[in-house]
Each structure stands twice: as structure tokens, then as C-alpha cells.
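Asks:
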Amino acid sequence: MRILVCVIVLIIATYDVSAQDRHGYQINGQIKNLPDGVLFYLITNNENGTADTLARTKSKNQQFSFIGELSLEGELHYVKMDTAILKLRDKRMSWVRLLLDNSTIILNGDLKDWPEVNIKGSLPTQEHDIFLQTVSNLIKETNIEIEANKNDSNKVAEIKGNYNGLFLKKLEKNPSSYIVPLFILKNSRLDLDTKQTAYDKMPAPLKNSYYGIELKKHIITRRASESIEIGKVLPDFLIKMTDGKSQSAWQIIRKSKFTLIDFWASWCIPCRKEIPNLKKVYKEFGSKGFNILSISIDENYKSWTNAIIEEDMPWTNGLEQNKISKEIFDILSIPAHILVNGDGVIIGIDYNRRGSISGPRYIISSSRKRQNLRGDELYKAIDSLTMNKRLTN
Numbered sequence: 063m064r065i066l067v068c069v070i071v072l073i074i075a076t077y078d079v080s081a082q083d084r085h086g087y088q089i090n091g092q093i094k095n096l097p098d099g100v101l102f103y104l105i106t107n108n109e110n111g112t113a114d115t116l117a118r119t120k121s122k123n124q125q126f127s128f129i130g131e132l133s134l135e136g137e138l139h140y141v142k143m144d145t146a147i148l149k150l151r152d153k154r155m156s157w158v159r160l161l162l163d164n165s166t167i168i169l170n171g172d173l174k175d176w177p178e179v180n181i182k183g184s185l186p187t188q189e190h191d192i193f194l195q196t197v198s199n200l201i202k203e204t205n206i207e208i209e210a211n212k213n214d215s216n217k218v219a220e221i222k223g224n225y226n227g228l229f230l231k232k233l234e235k236n237p238s239s240y241i242v243p244l245f246i247l248k249n250s251r252l253d254l255d256t257k258q259t260a261y262d263k264m265p266a267p268l269k270n271s272y273y274g275i276e277l278k279k280h281i282i283t284r285r286a287s288e289s290i291e292i293g294k295v296l297p298d299f300l301i302k303m304t305d306g307k308s309q310s311a312w313q314i315i316r317k318s319k320f321t322l323i324d325f326w327a328s329w330c331i332p333c334r335k336e337i338p339n340l341k342k343v344y345k346e347f348g349s350k351g352f353n354i355l356s357i358s359i360d361e362n363y364k365s366w367t368n369a370i371i372e373e374d375m376p377w378t379n380g381l382e383q384n385k386i387s388k389e390i391f392d393i394l395s396i397p398a399h400i401l402v403n404g405d406g407v408i409i410g411i412d413y414n415r416r417g418s419i420s421g422p423r424y425i426i427s428s429s430r431k432r433q434n435l436r437g438d439e440l441y442k443a444i445d446s447l448t449m450n451k452r453l454t455n
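Last residue of the sequence shown: 455 (the numbering used here), numbering continuous.
1. What did DSSP end up calling D172 once you bin it into helix, strand or coil?
2. If we call anything under 8 Å between Cβ atoms a contact, is W157 one with I93?
3. Taking Cβ positions only, does Q309 come closer than 8 Å to chain D?
4. Would DSSP call N379 helix, strand or coil?
5. Taking contact to mean at least 3 C-beta pairs separated by less than 8 Å, is the stretch 204–214 in contact with the stretch 238–251?
6. Can the beta-carbon of A311 be found less than 8 Å from the beta-carbon of I301?
7. Would you report the Cα separation of L160 and L134, rounded to the nearest angstrom?
8. Using DSSP with H/G/I as helix, E/B as strand and the rest coil, what is P422?
9. Using DSSP bridges, identify the partner residues of I393.
10. Under the rule that 16 or more other beta-carbon atoms within 10 Å means buried, what is S80, buried or exposed?
11. Does DSSP put H190 in a helix, in a strand, or in coil?
12. By Cβ distance, which residues of its chain are closer than 6 Å to I337, with the 5 residues on each side in sequence left out?
13. Quick check: L169 and L132, are their CB atoms within less than 8 Å of each other?
14. In whole angstroms, what is the alpha-carbon distance linking N123 and I275?
15. Here's the rule I'm using: 16 or more other beta-carbon atoms within 10 Å means buried, otherwise exposed. How should Y363 be labelled?
16. Based on the DSSP output, what are the partners of Q124 in its beta bridges?
17. Closest by CA to I409, which one among K222, N434, P186?
Right, here's the structure in full:
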């Protein structure tokens, strides 16, 4: 009997420990008048406007549920109702936004009011919605001030500066909330040093949250983008090659005396119109130490590889990873060209980006002559390097 009691106690103790160690989220929907069989999706949104479906479930007895576990907490998720079989009022959103963590969340409401539901158990979501309204009010007040002082540029600059100060002051009232890295990351008015300072102040759980990690990556890549200037060394980055493997840009660049980095896409008409000019230059100087590294920003791998075949591009081709065209090079439009030497030093830039006052910067050769890096000007630019014996020596 004593042995039996010990075994039972051991089983109970083991069960209690496993229950305590179990982590994850549970989203329970309790919606009055909800028919059986209505599909619900748990999704996240990507920067490119697409969405990833993480889970799906069907309603039963006016309820639905999602159960899972987040490896990184504090990311915006959306509970989306498939309204195809329902008659809801026109132009109504079909999703509920959650700043999700590993907790139990209850969505209470009525079908006729969806997505206006009562959210219980999600403190990050409550903090997010409250601060979002705070920011909205702050922006309205700031815009009113700017409009009232639009003829005074100094005053307008002062008002914009005050906005950032007020924004940070209000955000500091939530020092341990997942909203901190999210709103710091998304605020384009904050300079990089301010974002770095805010990140450094964050406790470890925020730094290790989804947006904490995204903010760190953002800061690192933006720092790298500061070196995209003539005379500075190009930061290294990885690109996906046509065989599916990743390769360092530096490994490619160091094989040639000069490399033209060409950002393009299969769907970009101006880019494809520029390819004959690239072929002309490559045919003339490809055997003299000059190479082209075409980096596509295509999201569809097949579209990219098909375009390479269609255009018969004989030089090095790669597909961007981690949105380097935006995060490192700050490219606003394509085609975009950067010319580097074998040491990775930038000697020519020809593309629009934030900070450009009036269009692209140009190649600066030893003669200090400025030339475009496209069309006939590209040929002349590379030819001038040949005349200076830079390619042949």
C-alpha cells in the first residue's frame, strides 16, 4: 500500500510540474449568434503587403479557439473571420488585432458587432491600442501646429522636434511593454542614434522579443547604409545565387578589378530596357577585369530565373536577401547602380535614395568628372577607367 501511495504522489507531482512548465498562447473566441463552420485564421502581415497564415480553425457552438506557442513574443497578429458565408454590413473589417504573447486571451462579442469585441487577458494588446490612440492624437495636434506656422520654417522644425520628445516621453511610461520596441521601430521620424539609445535602455525581455530583435537588425543595417558613400568600403551582405546557395558579395567583388552592382527586377520595364547597354559594356570590358553583379529584388524565385534566361545575362546573378536594397542601400527606385573596385571601395553611385537632394549621385573618376552609370554614359565611365589603365594593370 505504501508503494502504491508513493507512485500516486509521484504521478501527481509530475503532472503538476508539467502543467506549470507548459507555455503558450490560447485565443478563445466566444461570439454570440456565430454559426457553426465559420473559418477563422490567425495571420501575420509582411512588410511587402502579403500575409502568412499561421493557423486556421472552424467555429462550433458559437466558439472558436487557437492554441500555440510563440518563440518570440510581442508580434502583431490578426484573428481574421472568413465572412464569405455571412451577411455582415458593408466595408467592415473582418479581423481583430492582437499584440500576441504567450497568454490566454478571450474575445467576447456578438456576430453583428464583429470585429468590435471585448478583449480580455492580453495586456500588450491593451497597451498597444491605448498608445496608438495617444500617438494619433499627438500627430493631429502636431499637424495643427505645423499648419498654423507653415510660413516659419524654423518654427516648423522646432514643432517636429518637440513631437519626437513628447512621443518618447509618453512611451517611457510603458518601460517593460512590448509596445516599446514596436513603436520605436515604426517611428520613421526618430533618427538612428535615438533609436539606438532607446534600444540600449530596454530590459532583456524586450530586446529578445519579436520587435526587439527586428529593431536591432534595423539599427545594424541602417548603420551599414551610412557607409554607402563614394570613397567608403561597401558593407558585405549575402545574396542567393541561381543554385539556391547564399554567397558573400565581397567574395564576388574581389574576383574582379571593378564590379557594377545592378539592382533590378523581372517586372521592372526600365531595368530590362537597360540590359542591352549592360551587355554592350560587359562584352567590351568583361575580359579586362570588369564584372556585373545583377541583384534582383524579385519575390518570386521562378520569375527571376526565367527573366535571366529570357534576357541571356552572362554575368553574375543573385537574388537579394533580408531586403538589402531597402535596409542597406535605401533604394527608392530601380534600376540602381553602384560601381566598386576590387577592394570593395565605392567609386560610383547612381540611384535615388532618401537624403539625395536632386536625383542620383554619379561616378567620380580620377579626373573628378561626373558620369551616369547607365546607358551610353556607363560605357564611357568604364572606358575612362580603361584609359587610366586601371583595368589592364
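Cβ coordinates follow ideal geometry from the N, Cα and C atoms, glycine included. Model, not experiment: these values are computed from the prediction.
Replies: Considering the structure as presented:
1. strand
2. no
3. Judged by its chain identifiers, the structure shown contains no chain D, having just a single protein chain.
4. strand
5. no
6. yes
7. 14 Å
8. Legend: pLDDT at P422 = 45, less than 50; position of this residue unreliable, value from coordinates given subsequently. Coil.
9. R415
10. With a pLDDT of only 39 at S80, under 50, the local geometry of the prediction cannot be trusted, and the value read off the model is given with reservation. Under this definition S80 is an exposed residue.
11. helix
12. E373
13. Between L169 and L132, the C-beta gap is not smaller than 8 Å, which leaves the two residues out of contact.
14. Going by the C-alpha atoms only, they are around 40 Å apart.
15. exposed
16. DSSP, once it has assigned bridges, lists no residue as partnering Q124.
17. N434
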